[in-house]
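Numbering (the working numbering), first residue to last: 212 to 462.
Here you go:
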């Protein structure tokens, strides 16, 4: 069983019967997430013809998974607020504009729960125009990524596909003194920031819960960047918030 498509780069090797003779037999791979579902789909397209295609069983779009993802979105909102309160003496409602990049099942749930709790003005961006239309139909404010960076002081990243790059941060609006970023999956999938941020000092007082850097925008002014959980999924740090309901499929 895989959660996030981490075996996808090795699919050709796993499908080669001569790679591990007589040690074991691969019956198939069960993938839990939408991000992993996409990784396996892409990996299968590039497999050589002489390699046996392993069977991939995806539950990412099952009814149970849809319910689980809704609860995951709720847990991400609650986890973000908990971390802000406990480590930075802040609250989500302190942010007048909150952005959500990625309006899939989890991003949709985040936006819904933000609105239910009357937390800020929620702005939504997705690379897919059809999904943006769906956000409009649910009465959310849609925008470009550039517009979001001009006004949002907290951004949830829920794409699983490099939602933010370091160059994006150079265009943060002049009215934003601090941008807090909450990721919904692993940092290596969601963000393309860490290599460039290594050039800056991490001034965090609690590196288990957040990283803090001060960088310069293109105009030379400084802005503070805070990565909750160092860019990894924030609900993993507060797993007990919704108990095991966010693991419905695995159960």
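All residues carry an ideal CB built from backbone N, CA and C; glycine is no exception.
Taking the C-alpha atoms as reference points, what is the distance between residue 290 and residue 237?
Taking the first residue of the chain shown as position 1, residue 290 is located at position 79. Taking the first residue of the chain shown as position 1, residue 237 is located at position 26. Answer to the nearest angstrom: the Cα atoms are 37 Å apart.
Report the three-state DSSP secondary structure of residue 457 (helix, strand or coil).
One-based indexing of the chain shown puts residue 457 at position 246. Confidence in residue 457 is poor, its pLDDT being 47 and thus under 50, which makes the residue's placement too unreliable to answer from.
Taking 8 Å as the threshold (C-beta atoms), are residue 298 and residue 417 in contact?
For the purposes of this step, residue 417 is identified with residue 206 of the chain shown, where counting begins at 1. For the purposes of this step, residue 298 is identified with residue 87 of the chain shown, where counting begins at 1. Taking 8 Å as the Cβ cut-off, residue 417 and residue 298 qualify as a contacting pair.
Per DSSP, what are the beta-bridge partners of residue 332 in this structure?
For this step, residue 332 is matched to residue 121 along the chain shown. Per DSSP, 308.
Just the C-alpha distance for residue 246 and residue 371, rounded to the nearest angstrom, thanks.
Within the chain shown, residue 246 is the residue found at index 35, counting from 1. Within the chain shown, residue 371 is the residue found at index 160, counting from 1. Going from the Cα of residue 246 to the Cα of residue 371 covers about 6 Å.
Could you give the distance in angstroms between the alpha-carbon of residue 332 and the alpha-carbon of residue 214?
For the purposes of this step, residue 332 is identified with residue 121 of the chain shown, where counting begins at 1. For the purposes of this step, residue 214 is identified with residue 3 of the chain shown, where counting begins at 1. So the two alpha carbons sit approximately 32 Å from each other.
Taking DSSP as the reference, what is the three-state secondary structure of residue 367?
Working through the chain shown from its first residue, we reach residue 367 at position 156. Strand.
Going by DSSP, what residue range makes up the alpha helix (DSSP H) through residue 239?
By one-based count along the chain shown, residue 239 stands at place 28. Counting along the chain, residue 239 falls outside any alpha helix (DSSP H), and DSSP gives it neither H nor E.
Would you tell me roughly how many angstroms separate the C-alpha atoms of residue 395 and residue 446, rounded to the nearest one?
As a first step, residue 395 must be located in the chain shown, where it is residue number 184. As a first step, residue 446 must be located in the chain shown, where it is residue number 235. About 8 Å.
Output the residue ranges of the alpha helix (DSSP H) runs that lie fully inside the segment 250-304 and measure 4 residues or longer, sorted by chain position.
If we require 4 residues or more, the alpha helix (DSSP H) runs fully inside the segment 250-304 come out as 274-294.
Closest to residue 380 by C-alpha separation, out of 353, 408, 286, would be which residue?
Here residue 380 corresponds to residue number 169 of the chain shown, with the count starting at 1. Comparing Cα-Cα distances from residue 380 to each of 353, 408, 286, the minimum goes to 408.
Per DSSP, which residues does residue 391 bridge with? Please list them.
Here the question's residue 391 lines up with position 180 in the chain shown. According to DSSP, which records beta bridges pairwise, residue 391 is partnered with 365, 437.
Beta-carbon within less than 6 Å of residue 269's beta-carbon, same chain only, minus the 5 sequence neighbours each way: which residues are those?
Residue numbering aside, residue 269 sits at position 58 when the chain shown is read from its first letter. The answer, listed in chain order, is 242, 248.
Hey, could you find the ends of the beta strand (DSSP E) residue 427 is sitting in?
For the purposes of this step, residue 427 is identified with residue 216 of the chain shown, where counting begins at 1. Where residue 427 is concerned, the enclosing beta strand (DSSP E) stretches over 421-427.
Mind checking residue 324: buried by the 16 CB within 10 Å criterion, or exposed?
For the purposes of this step, residue 324 is identified with residue 113 of the chain shown, where counting begins at 1. Classification of residue 324: buried, given that the 10 Å Cβ count is 16 or more.
Can you find at least 3 beta carbon pairs, one from the segment 343-354 and one from the segment 310-323, that sit closer than 8 Å?
In short, these stretches touch, since the Cβ pair count reaches three.
Skipping 5 residues on each side, what residues in its chain have a beta carbon closer than 6 Å to that of residue 423?
Reading the chain shown from its first residue, position 212 is the one you call residue 423. Counting only Cβ-Cβ distances below 6 Å, and skipping sequence neighbours, we find 414, 415, 437.
Measure the alpha-carbon distance for residue 392 versus residue 257 and round it to whole angstroms.
Here residue 392 refers to the residue found at position 181 of the chain shown. Here residue 257 refers to the residue found at position 46 of the chain shown. Computed Cα separation, rounded: 34 Å.
When the Cα of residue 411 is compared with those of 420, 426, 421, which residue comes out closest?
On the chain shown, position 200 is the one that residue 411 refers to. Among 420, 426, 421, the Cα nearest to that of residue 411 belongs to 426.
Would you give the residue range spanned by the alpha helix (DSSP H) that residue 347 belongs to?
As a position in the chain shown, residue 347 is number 136, starting the count at 1. Here the alpha helix (DSSP H) through residue 347 covers 340-348.
Rounded to whole angstroms, how far is the Cβ of residue 444 from the Cβ of residue 397, which I believe are closer than 8 Å?
In the chain shown, counting from the first residue as 1, residue 444 sits at position 233. In the chain shown, counting from the first residue as 1, residue 397 sits at position 186. Their Cβ separation, rounded to whole angstroms, is 7 Å, which keeps residue 444 and residue 397 in contact under 8 Å.
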